[in-house]
Structure formats: C-alpha cells, structure tokens
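Some notes on the structure that comes next.
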Amino acid sequence: MTDSGSTAATPSDASSANPFAAFRFGRLPIGKTAPVVEHGAYPAKAVEDEAVPITARIFREGHDAVGATVVLTDPDGAERRVDMEQIWPAGLDIWRAIVRMERAGDWTYRIEAWADDWHTWHHNADIKLAAFMDIALVCAEGRELFEDASIRAASRGARKDAEILHRAHERMDARAEPGELRRLANDPDLDAAMIRHARRPLTTPTVDFPIQVDRRRALYGSWYEFFPRSQGAHRDPTTGQWHSGTLASSHATLEHIASLGFDVAYITPVHPIGRAFRKGADNTLVAGPDDPGSPWAIGGPEGGHDAIHPDLGTMDDFDAFVAKARSLGLEVALDFALQASPDHPWVAEHPEWFTRRLDGTIAYAENPPKKYQDIFPINFDNDPEGIYDEVLRLVLFWVNHGVTIFRVDNPHTKPVAFWDWLTTQVRRTHPEVLFFAEAFSRPEVMQTLAKVGFHMNYTYFIWRNTKEELSEYLTELSQETADFLRPNFFVNTPDINPLSVRSGIPAAFAIRMILAATMSPNWGIYSGYEFFEFEPLKAGGEEYLHSEKYEYRPRDLDAEPNLNTLMARLNEIRRVHPALQQLRGTTVLETTNDQLFAFVKHDRDDFVLVVCSLDPEEQVCGEVLVDLEDLGLAADDMLGVHDELNGGNHVWGARNYVRLDPASPAHIFTANARR
Numbered sequence: 001m002t003d004s005g006s007t008a009a010t011p012s013d014a015s016s017a018n019p020f021a022a023f024r025f026g027r028l029p030i031g032k033t034a035p036v037v038e039h040g041a042y043p044a045k046a047v048e049d050e051a052v053p054i055t056a057r058i059f060r061e062g063h064d065a066v067g068a069t070v071v072l073t074d075p076d077g078a079e080r081r082v083d084m085e086q087i088w089p090a091g092l093d094i095w096r097a098i099v100r101m102e103r104a105g106d107w108t109y110r111i112e113a114w115a116d117d118w119h120t121w122h123h124n125a126d127i128k129l130a131a132f133m134d135i136a137l138v139c140a141e142g143r144e145l146f147e148d149a150s151i152r153a154a155s156r157g158a159r160k161d162a163e164i165l166h167r168a169h170e171r172m173d174a175r176a177e178p179g180e181l182r183r184l185a186n187d188p189d190l191d192a193a194m195i196r197h198a199r200r201p202l203t204t205p206t207v208d209f210p211i212q213v214d215r216r217r218a219l220y221g222s223w224y225e226f227f228p229r230s231q232g233a234h235r236d237p238t239t240g241q242w243h244s245g246t247l248a249s250s251h252a253t254l255e256h257i258a259s260l261g262f263d264v265a266y267i268t269p270v271h272p273i274g275r276a277f278r279k280g281a282d283n284t285l286v287a288g289p290d291d292p293g294s295p296w297a298i299g300g301p302e303g304g305h306d307a308i309h310p311d312l313g314t315m316d317d318f319d320a321f322v323a324k325a326r327s328l329g330l331e332v333a334l335d336f337a338l339q340a341s342p343d344h345p346w347v348a349e350h351p352e353w354f355t356r357r358l359d360g361t362i363a364y365a366e367n368p369p370k371k372y373q374d375i376f377p378i379n380f381d382n383d384p385e386g387i388y389d390e391v392l393r394l395v396l397f398w399v400n401h402g403v404t405i406f407r408v409d410n411p412h413t414k415p416v417a418f419w420d421w422l423t424t425q426v427r428r429t430h431p432e433v434l435f436f437a438e439a440f441s442r443p444e445v446m447q448t449l450a451k452v453g454f455h456m457n458y459t460y461f462i463w464r465n466t467k468e469e470l471s472e473y474l475t476e477l478s479q480e481t482a483d484f485l486r487p488n489f490f491v492n493t494p495d496i497n498p499l500s501v502r503s504g505i506p507a508a509f510a511i512r513m514i515l516a517a518t519m520s521p522n523w524g525i526y527s528g529y530e531f532f533e534f535e536p537l538k539a540g541g542e543e544y545l546h547s548e549k550y551e552y553r554p555r556d557l558d559a560e561p562n563l564n565t566l567m568a569r570l571n572e573i574r575r576v577h578p579a580l581q582q583l584r585g586t587t588v589l590e591t592t593n594d595q596l597f598a599f600v601k602h603d604r605d606d607f608v609l610v611v612c613s614l615d616p617e618e619q620v621c622g623e624v625l626v627d628l629e630d631l632g633l634a635a636d637d638m639l640g641v642h643d644e645l646n647g648g649n650h651v652w653g654a655r656n657y658v659r660l661d662p663a664s665p666a667h668i669f670t671a672n673a674r675r
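Heads up: the sequence shown begins at 1 in UniProt numbering, then just goes up one per residue.
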C-alpha cells in the first residue's frame, strides 16, 4: 500500500561532484523506500512519539559491507540521524530503522547509504587472522581506519571514544599474536566507537520524503456518540408532548462519559432542522407535530450550518457545553454534514449549489431503494469557489467556538480534490484540528480520503466477525495501510445495528467492545449499545427499531443491566498501556480453535496480549501459539503475564491452553520477559 522511493536524482543534484546524478540509481542503490505515499505526493502519517518503521532495500556490488542511515528533518530544519539495521531475511537486503518524532509538524526523512569500510575490514580481518594470512596488511589497514576514526572522534569532543580508537591504533601491531589481534578486533567497545566515528565514503542519499506528524488524538482515543436533544428529553405528563433535551442538560452526559474514561464526546448535528419532507418515526414519510426530524436534514428559517437549533439552546449554551467538556478532559467532535434541507438558507440564496433535475426540481439524496427527500446534496461542480470558501468559513467558525474534531458525514460523496484543498487550508492555520471520515465505501475511496488529509477513518470492523476476517483485517490495517490510514473501530452507529449483536445476548456486546477497544487505538460507541439495544426495524436489516435519528431516545445512563463497568475498565487499561495506543506494532497469533482470536501489541517494553472468544453462547477452549523470538525472547523463554481484565498471574510459553466462557470472554494480558 506504500509506494517505492528510490535514489533517483533531481535536477539540482546534477554536478561534476556527483558523476552518478544523471542515473536512476546512485552509487549505492536504495529502493522500495517506505513509508512513501503516492510517490511522495502526500505525506506518510505519524503522531507524536509514535514508533515509525522506515525501511528500504539497500545493497552494493560485490561482497563489501554497506551501511545506511535515516536522516530526519524536523519542522524547524534541524536534522537527526538514526542508523538502520539489516533485518531478517538477510538475503532480501531489507534495512530498517524505528524512528520517533517528538512533536507535531511537517517532517521529512531521507535515507543515506554508505560504504561500511569498518565492517568490511572486520569481516576480512577475522578470517585472515584466524588463518594467519596477510597479517601485516590487515594490521596496516586496521591502523589506518582507527587513526582516521580517532581524529574524527576527537574533533567531535568524544574523548572516551577517541582514546579507545587511539589505543586500538597502537595495539594493531603485526608483531602481536594473531589471537590477541582477533580479540582486539572483536572488542565490543571498539565496534561501538567505530560505528559512531568510522568514515562513511560513497554516501548516497535518496530524495526527501514527507511525514506529517499530528497530535496523538489523531491515532488514539475513546469516543462516545450521543444526540444532545435526547439528553433530558421528556414528555409532558399532561399533554403527552415531547420536550427536547438541551446542550445545558447534556452536561450530565459529559460527566457520565468522562467518568467512564472516554476522551471524545461526539455529538450529532446541532443545527436547525428543516420542516419540508421531515421524516417521522422509523423514517416514515409523514411526520407528526412532535417528530423532531433528522439532525442531518440541516437548515431552517432559524439558520443553517452556523446556527444552533433553538430547542437545544443558544451559541452561548454551545460555548458552555464545550467549556464543560474541556473541564472534564473531553474534546468535542462535531458532526459536519455538507448537505441541506429544502428549508436551508442556501437553497434560496445559492440555488446554483444544488443539482436541478430536468423537471425543474432540486435533486434530493438517494441510496436506492432508500430516499432522503428531506436532504439536498451539494453539487461541488457548480460554483466551486463559492462553495469551497463557504465550507472553509464554517469550519473556522466552529473552530473559533472550541471544536477541535470534525466527524465528516459521507465525505465519499464529495470530490476528493475538495477535501485535499480544505484539509490543507485548515492545517495551515489550525494544525490541531482533526477530520474523521465517515466513509463506509470501497477500499480505494477510503484510502484515498485518508491520503489527502483525513486524520482517521471509520472501517469495516463492524462487519468483520470470524477469526479469519478479523485476522486479515487487523493485519491489513496494522501493516499494509498504517502509513496513511488510521482506523476508528466503532462498535455501532445510529445507521448500523451490527449483525454480531443482533441476538441480544449480553456476551456478544461485551466481545465486540473488547475487540474494538484493543484492536484499534481509536474506538467508539454510539449510546444505547451499552444497554444491549439490538431490535432491528426489519428482519435482516441494519436500521434500529425506533431509530434515534427520527425521535427522542432519552436513556437512564446507569440503568441495569449495562456494560459501564467493562467500558471504564477497557478505557483504563488503554490509558495505562502504550501498546494499545498504537497500531503498527501488532501481530496476529495462531490459535487452535476458530472461535479463539488472539494478537499481541507492543511499544518499547510494553507488551499486551489479547485472547478473545468469538462465541457468546458456549465455552471455548484451545491453544494460543506465541512466537517468543518475535517478542525478542529465546524460543524456550517463559513469559510472566498478568490478566488486566480478570486479575490473576500466569506463565506463558510457546503454546498456551486457554478456556473462555460467555461470562468471562477474554484475557487482556500484560507481559514481562521471564528468563
């Protein structure tokens, strides 16, 4: 999913000092560089302090050794060098360095390959000294290398290294015993000093490749979605008339979700709702006098995308809502839906922004057989300059009211070029603002939206249920697309009542929640899931019965039974363990039962091993196979593991028996090496 970069020269490289500048490869070939997105047209993505692997295929002619270095350039232009290592399998010439960029901004990296004279000499010297061959020549070559490196170390102020290298220069004497000379050549302190200071001739750079480093919320966070109008909504006991909840009455919901460890309060649109073609309960075509309509049918006489629905309060109430969220450690994500009801001010003021059919009517939204007569899509090819400027104005309007994240509704129905432009414009002045793409679309569409500027994406997780499906998808996201697409695993949405929980069995809800919260660093829940809401509007359909999109759904957030305790514990575990806050360091594990799904995540010394049952009704038994060498351990090592979810300590090896049941469907183990 990443594109290869090579050492292809740019015109500015051409000079008499570089006779290889005109050729596709430089003196030392470097190919298949990653991460590179669309040949460098778009930046690869990372967040602050994230472990990012940079890889390339590097070799040179013959048998002499080659070395390589990643040169990172920070947003201020300062450079930092990280040496690369050749990784297994050696015959494929794969070189890698794990780099971390400590602050947000626009970074670049390049790879420099160089002739490794030190290790070339060391390899030959070890063989020749053992065979008593060319001892005088070996010593002369070694002395020359050590002297050169000693001078370089001294010039850098590395006094200790300079002394080590100077002593090696003096002791590399052909009159000494070959065994003593071999011990000198194999001294680890000498090797470390030479790696730091030995000359690096024939240095060959790639071009600079971009990396966009965002704040950590772009990769990691726990999301809770709710409708503000349902928070505190109630019926008049005398008249039976509904009264909307408000932004002010939503403060209690903010306190509740903060107590459960969530990071983001995601709210549905808060704008006026159109009256024309308003949908009634369960998406019926005729609305009653109390039916509030869909929040996504934006716009009415009270205003459009820059107005607050009068039932919810005022702009001052919105500002107070954002302030309350911040006081609780929450960010507010606002639903950003670029569409209009027939009553939106745009329809009268800018009719050219919509598509007019041959019969003279404005085209409403359709997803046959579904019809959304209450919503007019925007035609971005009619007056693009006017539309683009208006959307940018709206984004900045809400940013000025404290919104830091925009959950964008159906971005795949708008031109990619528009999103490229918009996200670029916003990033120039507000790099802290994040865009979350609600694009349940084809893979290429979703991936392209991620490349052009969306910081995170909804995914297919909601439809991945079997061990095979989960394994393939987690591998794809953590290895193939991690350089540009950041997933957010929502367990449900107002539009999607997942098949995986349609049985209504509580364990099914718990299993999907555990998987979402551990597989993806970003995960989310739409209110009601924790109370096991599952009834479909139609058998086999994904719409909820009594969908909150069309009616008020007040809930007692502490009603029993619920999954509040599990949600809080999962968010707590995630907050404590960096391994669950990243995506790239993920490996799916083999299990002997197709109803057992297991994987391991690591970041630095933090290892988290998850084993989850996929059967909400029956006990599941089987073995989990762990490649200990992949964790940096010996094949016969043992791991001491602690179950963060259920308590208890265990010892794990390469093969481990597991038994899970619906009452306790998963282990979340943290591991430490035990020799």
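Cβ coordinates follow ideal geometry from the N, Cα and C atoms, glycine included.
Residues that DSSP places opposite residue i in a beta bridge
i, result
"Cys612", "Phe597 and Ala666"
"Ile30", "Ile58"
"Arg659", "Cys621"
"Leu434", "Ile405"
"Tyr458", "Asn488"
"Ala67", "One point to set straight first is that residue 67 is Gly, not Ala, in the sequence displayed. DSSP lists Trp114 as partners of Gly67."
"residue 681", "This structure cannot speak to residue 681, because the chain is shown only from 1 to 675."
"His251", "Bridge partners of His251: none, in fact."
"Val588", "Phe599"
"Ile267", "Phe226 and Leu334"
"Ile98", "Pro53"
"Gly105", "Val213"
"Ala671", "Phe607 and Val641"
DSSP-derived helix/strand/coil call for residue i
i, result
"Lys549", "coil"
"Ala568", "helix"
"Ile87", "coil"
"His650", "strand"
"Asp189", "helix"
"Met446", "helix"
"Lys160", "helix"
"Glu331", "strand"
"Leu165", "helix"
"Glu79", "strand"
"His577", "coil"
"Arg152", "helix"
"Leu631", "helix"
"Gln339", "strand"
"Arg183", "helix"
"Ile195", "helix"
"Leu145", "helix"
"Asp13", "Residue placement at Asp13 is flagged as unreliable, the pLDDT there being 40, under the threshold of 50; a coordinate-derived value is accordingly withheld."
Residue nearest to residue i in terms of C-alpha spacing, selected from the options
i, options, result
"Arg464", "Asn492, Phe146 and Met446", "Asn492"
"Glu331", "Met456, Val433 and Ile362", "Val433"
"Leu628", "His251, Ser613, Ser503 and Phe607", "Phe607"
"Leu626", "Arg604, Ser613, His650 and Thr587", "Inspection of the sequence shows that residue 626 is occupied by Val rather than by Leu. Here the closest residue by C-alpha is Thr587."
"Glu551", "Trp296, His430, Tyr529 and Gly622", "Trp296"
"Leu580", "Ile525, Arg216 and Ile195", "Arg216"
"Gly300", "Asp343, Leu260 and Val322", "Asp343"
"Leu589", "Gly303, Ser294 and Glu468", "Glu468"
"Pro377", "Lys414, Ala325, Ile511 and Ile308", "Lys414"
"Leu570", "Arg60, Leu545 and Asn646", "Asn646"
"residue 762", "Asp381, Val403, Phe454 and Leu165", "The chain is shown from 1 up to 675; residue 762 falls before or after that span and cannot be answered."
"Gly105", "Val408, Gly77 and Phe406", "Gly77"
"Cys612", "Trp398, Ala510, Ile525 and Ala635", "Ala510"
"Ser222", "Ile514, Asp637, Thr120 and Ser500", "Ile514"
"Val610", "Arg196, Asp643 and Pro578", "Asp643"
"Pro205", "Asp630, Asp83 and Pro29", "Pro29"
Cβ-Cβ separation, residue j to residue i (assumed contact under 8 Å), whole Å
i, j, result
"Ala258", "Gly245", "18 Å between Cβ atoms; not a contact."
"Trp242", "Asp290", "5 Å"
"Pro487", "Thr459", "4 Å"
"Tyr388", "Phe418", "7 Å"
"Pro554", "Glu543", "No, Pro554 and Glu543 are not in contact; Cβ-Cβ is about 20 Å, not under 8 Å."
"Ser500", "Ala508", "6 Å"
Next on the checklist: So within the segment 349–415, which uninterrupted beta strand (DSSP E) runs reach at least 3 residues, ignoring any that extend past its ends?
Outcome noted: For the segment 349–415, whole beta strand (DSSP E) runs of length 3 or above, ordered along the chain, are 365–367, 370–372 and 405–409.
Checklist entry - Can you list, in chain order, the stretches of the beta strand (DSSP E) that have 3 or more residues and sit fully within the segment 204–235? => result Segments of the beta strand (DSSP E) lying fully in the segment 204–235: 209–214 and 221–226.
Next on the checklist: Threshold first: 4 residues or longer. Then list the alpha helix (DSSP H) segments lying entirely within the segment 271–301, N to C.
Outcome noted: Unbroken alpha helix (DSSP H) stretches of 4 residues or longer found wholly inside the segment 271–301: none.
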